[in-house]
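**Q** The numbering of the sequence shown is the numbering used here, which starts it at 14 and goes up by one.
Every residue gets a Cβ at the ideal spot worked out from N, C-alpha and C, and that includes glycine.
As the structure is a prediction and not an experimental result, all values here were calculated from the model.
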Amino acid sequence: MSLAEEVGGLVELIAAKYPEAAVHRFQEPALPAAGEFAVTVKQETRRSETRSQTLVERQYAMVCYAEDAETAILTMELLSRSIMNEGVNGGGRLSGPVRAESVSIDAPEKLDGGLQKCIGTVLVRARESVTFENYEKIGKVEMRTTTI
């Protein structure tokens, strides 16, 4: 699953739980309002796991803006339960070779305008096949034997 598809899945999950909320993709809003969300990419790491597979670890930040700290943290708790217990993908589920390994929630922080911002970090792991060079197959094999 591509990075854009995973972000789209998280956005769809938030939109399903909070249909009236504005959800921003890949960047936080310049002037956030209470009830808005943002899904951003924090980090992507690729490691060679075997000769035929690469392990891809991605961290996404789900940001919730609320009027008070309690609303922000409870909203993130609901989203983290949904991700871990229900999952997410393009249809609302992270499934197949991709799954959320963990969700961690940071303490809410107060912004200049008085809003509270709470960040939940989602760790997703996937395995991708390594592309190998194709070689031409042996078309014909002949064997000669000589008897003495």
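1. Could you check how far apart the C-beta atoms of A139 and V69 are, in whole angstroms? I think they sit under 8 angstroms.
2. Based on the DSSP secondary-structure assignment, which residues constitute the bridge partners of I151?
3. Measure the C-alpha to C-alpha separation of S95 and E18 and round it to an integer number of angstroms.
4. Specify, as a first and last residue, the run of the alpha helix (DSSP H) that S95 falls within.
5. Helix, strand or coil for L68? Go by DSSP, reduced to three states.
6. Just to confirm the assignment, what range does the alpha helix (DSSP H) spanning E25 have?
7. Assuming contact is defined by CB atoms lying nearer than 8 angstroms, are Y73 and V52 in contact in what I supplied?
8. For the candidate residues V20, L26, I27 and E49, whose alpha-carbon lies nearest to that of R38?
9. List the whole-angstrom C-beta distance separating L136 from A113, where the pair is believed to meet the contact cut-off of C-beta under 8 angstroms.
10. By the three-class DSSP mapping on this structure, what secondary structure does A47 have?
11. I need the DSSP call for E141, collapsed to helix, strand or coil.
**A** Reading it off the structure:
1. 5 angstroms
2. None, per the DSSP bridge assignment.
3. 18 angstroms
4. A82 to N98
5. strand
6. L16 to K30
7. In this structure, V52 lies closer than 8 angstroms to Y73 by Cβ.
8. Comparing alpha-carbon positions, the option among V20, L26, I27 and E49 lying closest to R38 turns out to be V20.
9. 7 angstroms
10. coil
11. In this structure, E141 counts as strand in the three-state DSSP scheme.
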